[in-house]
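Residues 1 to 314 (full-length UniProt numbering) make up the sequence shown, in order.
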Amino acid sequence: MTEQLTIGVDVGGTNLRFGVFRGNDCLDSIRHEVDLHAKCAAAADSESAAQLFTDLLEAGIAQLRHQYPEIVRVGVAVPGFVNAKGVLLQSPNIPQLIHFDLQSAVQNACQLPVLIENDANAAGYGEFWEEKQENPELRDLLYVGLGTGVGGGWVHNDRPWRGEHGTAMEIGHLIVVPGGRRCGCGNQGCLEQYASARGIQSSYVELTGTAPDTAVIAQMACDGRPEASQTFQMAGDYLGQALASILKVADVRVIRVGGGVSAAWDCFAPALMQRLDADLIPALRGAVEVKRGNHDDLAGMRGVALLADQELSQ
1 MTEQLTIGVD VGGTNLRFGV FRGNDCLDSI RHEVDLHAKC AAAADSESAA
51 QLFTDLLEAG IAQLRHQYPE IVRVGVAVPG FVNAKGVLLQ SPNIPQLIHF
101 DLQSAVQNAC QLPVLIENDA NAAGYGEFWE EKQENPELRD LLYVGLGTGV
151 GGGWVHNDRP WRGEHGTAME IGHLIVVPGG RRCGCGNQGC LEQYASARGI
201 QSSYVELTGT APDTAVIAQM ACDGRPEASQ TFQMAGDYLG QALASILKVA
251 DVRVIRVGGG VSAAWDCFAP ALMQRLDADL IPALRGAVEV KRGNHDDLAG
301 MRGVALLADQ ELSQ
């Protein structure tokens, strides 16, 4: 009997990634470049944006099902606030998708069981699984995803902690600069506006008046350009501030930082660690392990596929 397969989908601000998994092993993956923020913002209304998003997901899923008929379930990791029924309550980085029953939409489109999970929860679970292979006693892990936005996921007692309304660990929306930059969530001064790819670019614009890509700013920082270095130091400082606040409540020992911006780890990690150490209570100083996440960039897809295996096969 052929072993059943699961598709894990990782929705990013500028791309969609689809992977085929047998357990934790990724057999194949495809990537579709698409600016979801721009496309959904340009849609005529929320219904049109929802249909556009569903069609994009269905196309990638159908492409892999054609190659792998053993696929029997789908997990989708999406940025935003997701409740226990798979409803996307809001996605600050994907406009117009508000109270959208994404689970039902994708299930109806592809006629397979579907699990919807917050992207940082999924990536956190993927990182947790990787870490647990080396440390079987591990029960908790805090994940920070630095990409188009800033996401957070907490695996607590071996399971993602989603909270009562599906909005737990939205650390990107912790306010680190009262009255600061306007965020897509409606508040001002959120961490996301300073430590995400877009936030870093905004900081560089304020310093120089120019807006190169974040990867270019990172390279300039590596080359010792002062404005670029200052931009990443600011991001690290605010991230350290936010993590210190979280750790005073959650008391987690292991933290992994992933997402596209984590490729510039050396540019912001020193400022992060300095601020974290300064702001932590004495009992936690030196007791927390913070490092860059797994470099294979599969955490989100793998995590949501593993969660779908567990929750949809019961």
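The beta carbon of each residue, even a glycine, is placed where N, CA and C say it ideally should be.
- When the alpha-carbon of glycine 300 is set against those of Gly145, Asn135 and Leu112, the nearest one is in Gly145.
- Tyrosine 68 carries a coil assignment under DSSP once its states are collapsed to helix, strand and coil.
- The continuous beta strand (DSSP E) containing isoleucine 255 extends over residues 254-258.
- No residue range can be given for histidine 165, since it is assigned to no alpha helix (DSSP H) and is classified by DSSP as neither H nor E.
- By the neighbour-count criterion, in which a residue is buried when 16 or more other Cβ atoms sit within 10 angstroms of its Cβ, threonine 231 is buried.
- Shown here for alanine 308: same chain residues with a beta carbon closer than 6 Å to its own, the five before and five after excluded, namely Thr6, Arg73, Gly75 and Leu115 in chain order.
- Rounded to whole angstroms, the separation of the alpha carbons of alanine 50 and alanine 62 is 18 Å.
- Residue environment: aspartate 237 is assigned as buried (16 or more neighbouring CB atoms within 10 Å of its CB, all protein chains considered).
- It is roughly 44 Å from the alpha-carbon of cysteine 190 to the alpha-carbon of glutamate 3.
- Using a C-beta cut-off of 8 Å, the stretch 212-222 makes contact with the stretch 191-204, since at least three inter-stretch Cβ pairs fall below that distance.
- In the three-state scheme derived from DSSP, where H, G and I count as helix and E and B as strand, arginine 275 is classed as helix.
- Annotation: the continuous alpha helix (DSSP H) that includes isoleucine 246 extends over 226-250.
- Contact between valine 257 and glutamate 117 is absent: CB atoms are separated by about 19 Å, not below the 8 Å threshold.
- A straight-line Cα-Cα distance of about 6 Å links methionine 220 and alanine 228.
- Selection Ser29, Gly12 and Asp28 evaluated against aspartate 35 yields Gly12 as nearest (Cα-Cα).
- Glycine 186 is classed as exposed because its beta carbon has fewer than 16 other beta carbons within 10 Å across all chains shown.
- Taking a contact as a CB-CB distance under 8 Å, the pair asparagine 93 and glycine 184 counts as one, their CB atoms being some 6 Å apart.
- The beta strand (DSSP E) runs lying completely inside the stretch 66-106 and spanning 3 residues or more are 71-78 and 87-90, given in chain order.
- Bounds of the alpha helix (DSSP H) holding aspartate 309 are 299-312.
- In the displayed model, arginine 198 falls within a helix according to three-state DSSP.
- No residue range can be given for isoleucine 175, since it is assigned to no alpha helix (DSSP H) and is classified by DSSP as neither H nor E.
- Taking the C-beta atoms as reference points, isoleucine 255 is found no nearer than 7 Å to leucine 112.
- As the crow flies, the alpha-carbon of glutamine 103 is around 21 Å from that of glycine 126.
- Threonine 148 carries a coil assignment under DSSP once its states are collapsed to helix, strand and coil.
- Nearest neighbour of lysine 39 by Cα position, chosen from Glu58, Ile30, Asn15 and Gly19, turns out to be Asn15.
- Straight through space, the alpha carbons of valine 9 and leucine 306 are spaced by roughly 11 Å.
- The three-state secondary structure of valine 261, taken from DSSP, is helix.
- Shown here for arginine 182: same chain residues with a beta carbon closer than 7 Å to its own, the five before and five after excluded, namely Gln188 in chain order.
- Rounded to whole angstroms, aspartate 28 and arginine 292 show a C-alpha spacing of 24 Å.
- Cβ contact annotation for leucine 280 (same chain, cutoff 6 Å, sequence separation greater than five): Ala244, in chain order.
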